[in-house]
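In my numbering, the protein residues as written are 48 to 318.
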């Protein structure tokens with residue numbers, strides 16, 4: 048009489064183990080599929096990074112700051128008659144001018160010249176604006192975090208981070224600014240989500256300006272060098288002659304193992 052319940056108990060245990068084994072197999076297959084899908088995506092995304100590097104158009108005029116001071120003279124009642132020939136094959140780009148508010152941001156800058164003041168002599172940055180891609184963000188100095196066996200800068204949380212050991216706006220050297228392309232896990236914002244659009248804008252002939260405020264003076268920078276895409280293991284913060292800034296974000300989406308670096312040179316100041 049006792050053998051029959053024992054056999055029933057064994058069958059139940061076998062069935063439970065079988066179900067558990069099948070469940071583990073299904074989970075393993077799902078994980079394997081997810082890894083394979085991510086591997087295929089990351090490879091494709093990395094190959095697409097070549098589109099973020101571009102040479103600046105040779106036919107662009109050497110813009111002087113004075114040309115951005117008169118904003119209303121370039122407006123026409125019928126702007127469709129004045130589409131730049133560079134955009135005839137893709138006229139939608141010719142319909143993306145700066146709006147009145149954005150153009151007003153470029154008013155009143157005076158050209159800068161001579162030797163810029165040394166690093167550490169001007170106030171730290173408080174605000175950064177990139178009119179063409181709609182960036183208008185607070186800037187904060189990034190702290191160095193002690194990770195025990197290493198040290199690293201904190202990540203910018205819904206702000207643009209400035210590396211405090213680098214130049215301040217208007218000073219000699221290069222000011223380095225970091226912002227998230229996106230932050231799906233930590234939720235730290237996506238202020239530089241449109242930074243990857245800058246290479247295409249440059250390729251189409253747009254002039255890209257960056258405005259940085261420090262509370263007393265506003266500085267105008269113009270993107271003047273081809274964008275760079277650098278693997279994280281080769282990325283480093285460097286200096287430069289004159290006065291410039293670098294905008295950095297992690298690319299590509301969902302991989303983030305490369306750095307897109309946009310470099311701009313100081314061309315004007317006001318205030």
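Ideal Cβ positions, reconstructed from N, Cα and C, are used throughout, including at glycine. Just so we're clear, the structure is a prediction, and the values are computed from it rather than from any experiment.
Residue j beta carbon less than 9 Å from that of residue i
i, j, result
"residue 184", "residue 256", "no"
"residue 40", "residue 189", "Since the first residue of the chain shown is 48 and the last is 318, residue 40 is not available in this structure."
"residue 248", "residue 292", "no"
"residue 259", "residue 175", "yes"
"residue 254", "residue 269", "yes"
"residue 267", "residue 153", "yes"
"residue 205", "residue 238", "yes"
"residue 290", "residue 159", "yes"
Cβ-based neighbour list, residue i, same chain, cut-off 6 Å, excluding 5 preceding and 5 following
i, result
"residue 192", "199, 201"
"residue 177", "257"
"residue 308", "275, 293, 295"
"residue 282", "306"
"residue 98", "none"
Other residues of its chain near residue i: CB distance less than 8 Å, five sequence neighbours each side excluded
i, result
"residue 165", "218, 219"
"residue 157", "112, 315, 316, 317"
"residue 162", "219"
"residue 208", "186, 187, 188, 189, 200, 201, 202, 224, 225, 226"
"residue 100", "246, 273, 274, 275, 276"
"residue 261", "169, 170, 171, 172, 173, 215, 216, 217"
"residue 235", "202, 203, 204, 205, 227"
Proximal residues to residue i (C-beta, below 7 Å), its chain only, five neighbours per side dropped
i, result
"residue 263", "170, 318"
"residue 128", "In this prediction, residue 128 has a pLDDT of 46, which is less than 50 and means its spatial position is unreliable; what the coordinates show is noted afterwards. Answer for residue 128: no residue qualifies."
"residue 109", "Because the pLDDT at residue 109 is just 44, under 50, the model does not fix this residue reliably, and the point stays unresolved."
"residue 213", "220, 221, 222, 223, 284"
"residue 67", "none"
"residue 106", "Residue placement at residue 106 is flagged as unreliable, the pLDDT there being 47, under the threshold of 50; the coordinate-derived value follows with that caveat. Answer for residue 106: no residue qualifies."
"residue 168", "218"
"residue 59", "none"
"residue 82", "none"
Where the beta strand (DSSP E) containing residue i begins and where it ends
i, result
"residue 357", "Residue 357 lies beyond the range of the chain shown here (48 to 318); nothing can be said about it."
"residue 206", "Per DSSP, residue 206 belongs to no beta strand (DSSP E) and is neither H nor E."
"residue 227", "Element bounds for residue 227: n/a, residue is neither H nor E."
"residue 303", "That residue, residue 303, is in no beta strand (DSSP E); it is neither H nor E in DSSP."
"residue 278", "275–278"
"residue 175", "174–177"
Beta-bridge partners of residue i, as assigned by DSSP
i, result
"residue 317", "265"
"residue 221", "291"
"residue 200", "191"
"residue 256", "269"
"residue 296", "307"
"residue 183", "176"
"residue 163", "Paired residue(s): none; residue 163 is not in a bridge."
"residue 157", "316"
Counting pairs of Cβ atoms below 8 Å between the segment 236–243 and the segment 287–306, do you hit three or more? yes
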